[in-house]
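Asker: Numbering (the UniProt record's numbering), first residue to last: 1 to 150.
Submitted below is the structure of interest, expressed as structure tokens.
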Amino acid sequence: MEYRKATFADIEEIYHLVNDYATDGVMLARSRNTLYETLRDMIVAIDDEGKVVGVGGLHIIWDRLAEIRTMAVAPDMTRQGIGAEIVRRLIEEGDVFGVEKYFTLTYKPGFFQKLGFQTITKEELPHKVWKECIDCPKFPNCDEIAMVRV
């Protein structure tokens, strides 16, 4: 398995990977526009055939605060440590910048709990976090679970 920063050539595969999960209601959809705008945030996992089988993003939000987002692993590749490795690499990248607190909004709290994240109330997150929520189709009735890792 190869792990690397995402490139323009990965966008279509990322788009389908993420939005297939969104169709099933287990993550939020991402437009191509959003994926292009956040390209530098993402790490991908590439299988031996050169296919994107995992993705995750690190989005800096505020002073020493970053979000782990756009986490998806191909359904036939789950439970092989790919997602955990992506998160580990994203945190390693954030640590270089001086990030002290990582959070995620997720429908899969068990996955993140195994990686040291703890469930919190959404109100515990700074207001700055919610600026992008206004564009979400679920706003203001967010049903994702907030989690943090310090």
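We put the beta carbon where it would ideally sit given N, CA and C, even for glycine.
#1: If Asn19 sits next to Arg30, beta carbons under 8 Å apart, how far is it from one beta carbon to the other, in whole angstroms?
#2: By how many angstroms is the C-alpha of Val87 removed from the C-alpha of Arg40?
#3: Could you pull out every residue in the same chain whose Cβ sits closer than 7 Å to the Cβ of Ile120, ignoring the five residues on either side in sequence?
#4: Note down the Cα distance separating Leu17 from Phe111, rounded to an integer number of angstroms.
#5: Using CA atoms only, rank isn't needed, just tell me which of Ile14, Phe8, Cys142 is closest to Val73.
#6: Would you mind sorting Met1 into buried or exposed? The rule is 16 or more other CB atoms within 10 Å of its CB.
#7: Apart from the five residues on each side of it in sequence, which residues of its chain come closer than 8 Å, Cβ to Cβ, to Ile46?
#8: Looking only at C-alpha atoms, which of Val150, Gly81, Val55 sits nearest to Tyr21?
Answerer: Working from what's here:
#1: 7 Å
#2: 15 Å
#3: Ala146, Met147, Val148
#4: 18 Å
#5: Ile14
#6: exposed
#7: Met1, Glu2, Tyr3, Arg4, Val52, Val53
#8: Val55
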